[in-house]
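So the protein lines, in turn, are chains A and B. In this text, residue positions in the first sequence follow this note's numbering: the first is 70, and each later residue adds one. In this text, residue positions in the second sequence follow this note's numbering: the first is 7, and each later residue adds one. C-beta atoms are modelled at their ideal positions from N, C-alpha and C, and glycine is treated no differently. Presented below is the structure to which this report refers.
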Amino acid sequence: AQKVTQAQTEISVVEKEDVTLDCVYETRDTTYYLFWYKQPPSGELVFLIRRNSFDEQNEISGRYSWNFQKSTSSFNFTITASQVVDSAVYFCASLFGNEKLTFGTGTRLTIIP
Amino acid sequence: DTGVSQDPRHKITKRGQNVTFRCDPISEHNRLYWYRQTLGQGPEFLTYFQNEAQLEKSRLLSDRFSAERPKGSFSTLEIQRTEQGDSAMYLCASSLENDGVGRGQFFGPGTRLTVL
Numbered sequence: 070a071q072k073v074t075q076a077q078t079e080i081s082v083v084e085k086e087d088v089t090l091d092c093v094y095e096t097r098d099t100t101y102y103l104f105w106y107k108q109p110p111s112g113e114l115v116f117l118i119r120r121n122s123f124d125e126q127n128e129i130s131g132r133y134s135w136n137f138q139k140s141t142s143s144f145n146f147t148i149t150a151s152q153v154v155d156s157a158v159y160f161c162a163s164l165f166g167n168e169k170l171t172f173g174t175g176t177r178l179t180i181i182p
Numbered sequence: 007d008t009g010v011s012q013d014p015r016h017k018i019t020k021r022g023q024n025v026t027f028r029c030d031p032i033s034e035h036n037r038l039y040w041y042r043q044t045l046g047q048g049p050e051f052l053t054y055f056q057n058e059a060q061l062e063k064s065r066l067l068s069d070r071f072s073a074e075r076p077k078g079s080f081s082t083l084e085i086q087r088t089e090q091g092d093s094a095m096y097l098c099a100s101s102l103e104n105d106g107v108g109r110g111q112f113f114g115p116g117t118r119l120t121v122l
């Protein structure tokens, strides 16, 4: 089966702490794409990052960083020095050789001021 | 430059009524997708178009649901004889076909449907 699992349903951290959101995927495909989206209270899904299966380089964008490890089928997302504006639901998703995104169930992140 | 837009943003209807939603994708994007998101869940794929052709439909899309993209630009999603179980956020996304390279789908704000 091809699926995406986000085991953390809810996480709360105090502002300025670092936090890592976990994502594990399952597939037999050799070519696939992995994504992270942010869904703030307004409801709109905001694209954060896209990775293809041939590129295992980690990526950093400001306070955000992503760790892609094929050996463990994981694509984890870390926010450094968290801020209240980071509070949202975060979704990991994938494209497994077709056109439809498969989403995890999301992790609700709350940053406590 | 505008993103994906959806209309209406909210719709309340009575069970048994028909509803229609509209999605306007990013102008140069040739692919358009519909997803449904229920409370506490991630979005689930419903269907997608490449230009005006509907290329895939999910089993979630019962015969009460129909989607069109007549001129390869905007799309409509119609639900006939709505049921309370249809209450959800309906999300539209668009992307540009780009062979061999990772693709990103960009989402609109969604239409929240409440069936009473």
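Setting aside the 5 residues that flank it on each side, Lys72 (chain A) is surrounded in the same chain by Glu95, each with a C-beta closer than 6 Å to its C-beta; the list follows chain order. Taking 8 Å as the Cβ-Cβ cut-off, the stretch 162 to 177 of chain A approaches chain B at Ala162, Leu164, Asn167, Glu168, Lys169, Leu170, Thr171, Phe172, Gly173, Thr174 and Gly175, given in chain order.
Ranked by how close their Cα comes to the Cα of Tyr133 (chain A), the residues A:Tyr106, A:Phe123 and A:Glu125 have A:Tyr106 in first place.
Within chain B, no residue has its beta carbon less than 9 Å from that of Glu79 (chain A); the closest one is some 11 Å off.
Of all alpha-carbon atoms in A:Thr179, A:Ile180, A:Leu164 and A:Leu178, the one lying nearest the alpha-carbon of Gly110 (chain B) is that of A:Leu164.
Across the structure, Gln108 (chain A) and Gly91 (chain B) are spaced so that their CA atoms are roughly 23 Å apart. The CB of Leu97 (chain B) comes closer than 8 Å to the CB of Leu114 in chain A, given here in chain order. Comparing C-alpha distances from Asp69 (chain B) to each of B:Asp13, B:Lys77, B:Gln23 and B:Glu84 shows the shortest one belongs to B:Glu84. Beta-bridge pairing by DSSP links His16 (chain B) to B:Arg118. 9 Å or more divides the Cβ of Phe51 (chain B) from the Cβ of Leu61 (chain B). Residue environment analysis places Arg97 (chain A) among the exposed positions, since fewer than 16 neighbouring C-beta atoms fall within 10 angstroms of its C-beta. At a cut-off of 9 Å between C-beta atoms, Tyr94 (chain A) does not count as an interface residue with respect to chain B. Taking 9 Å as the CB threshold, Gly78 (chain B) stays off the interface with chain A.
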